[in-house]
Amino acid sequence: MTGPDVLPYADETESLRQQLLQAQRLSSVGALASSVAHEFNNILTTVINYAKLGLRGASEPGQKQAFEKILKGSNRAALIVSGMLGFARNNSTRREQTDIVQLIEDVLVLTEKDLSKHRIQVDKRYHSKPVIPVVAGQIEQILINLIINARQAMSGGGRLRIDVRDNAEAGMAEIRIADTGVGIPAEHLRMIFEPFYTTKDPDENGHGGTGLGLSVCRQIIEQHHGRIRVESIVGKGSTFTLKLPLTPPDE
């Protein structure tokens, strides 16, 4: 076997090794972040309780306003930390009845700062509020991936639209995530769910996409007996549609 014949296999093996190392690093970071978030949550509880106590005893308008701002900011921080803890702990593979709209709201709390920083306007349209049997942590992973991908496609700002509805006739809950970004060329659409395929150019640090995000999304959806599809127009944006069964597959 010649050198050139061996190189592609060696390159792929090295790529897989790097992906494994990265996954191990992320796992360690996730465990540490969960521990830090838990401790931070305890501190926030103290701040919130004292802010409430101060608010009850405030006699001057300025004092009352100050305590209200402390309480509002602390509650917001607690909500973010709660979302982080939920995401970190939700590593079960058991399906449970899950409020999809609430799951989306939790994800938006986690991504709100990033979306706001990049001037992304979020348009939510909840036509219904399906409660369906899913592995919540896995669906949350998909939603975060699609929302971050949408943000990256709108480098100059734009609009992110999220639609949720029941399709009782098809027995499916439908989630649509649409952006007004650069779009995906037609010749790339059939490849974007393939492992290691990416349309993302390297950033200023030379880091591009791994090509694993959408592949993992498809695997998770298929394990849930659902479907994922994409529509896109170059220069106008992309729409990803998730379809998940309203009832367990064995019913």
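Numbering (the numbering used here), first residue to last: 31 to 281.
The C-beta atom is built at its ideal place from N, Cα and C for all residues, glycine as well.
Take Asp193 and list the residues in its own chain whose beta-carbon comes closer than 6 Å to its own, dropping the five residues that flank it on each side.
Arg155 and Arg206
Which value, in whole angstroms, describes the spacing of the CA atoms of Ala96 and Asn72?
22 Å
Nearest-angstrom Cα separation, counted from Val260 out to Leu219
8 Å
Is Ile162 helix, strand or coil when you go by DSSP?
strand
How long is the line joining the alpha carbons of Arg124 and Ala216, rounded to whole angstroms?
37 Å
Neighbourhood of Leu74 by C-beta distance below 8 Å, restricted to the same chain and skipping five residues each side
Ser104, Ala107, Ala108 and Val111
Output needed for Asn235: all residues of its chain with C-beta closer than 8 Å, excluding positions within five of it in sequence on either side, in chain order.
Reliability fails at Asn235, whose pLDDT of 40 lies under 50, so the model's placement of it is uncertain and no value is given.
Could you check the C-alpha separation between Ile162 and Leu101 for me, to the nearest Å?
34 Å
For Ile169 versus Leu133, is the C-beta spacing smaller than 8 Å?
yes
Three-state secondary structure (DSSP) of Gly265:
coil
Considering only the beta carbon of each residue, do Lys159 and Asp136 sit closer than 8 Å?
no
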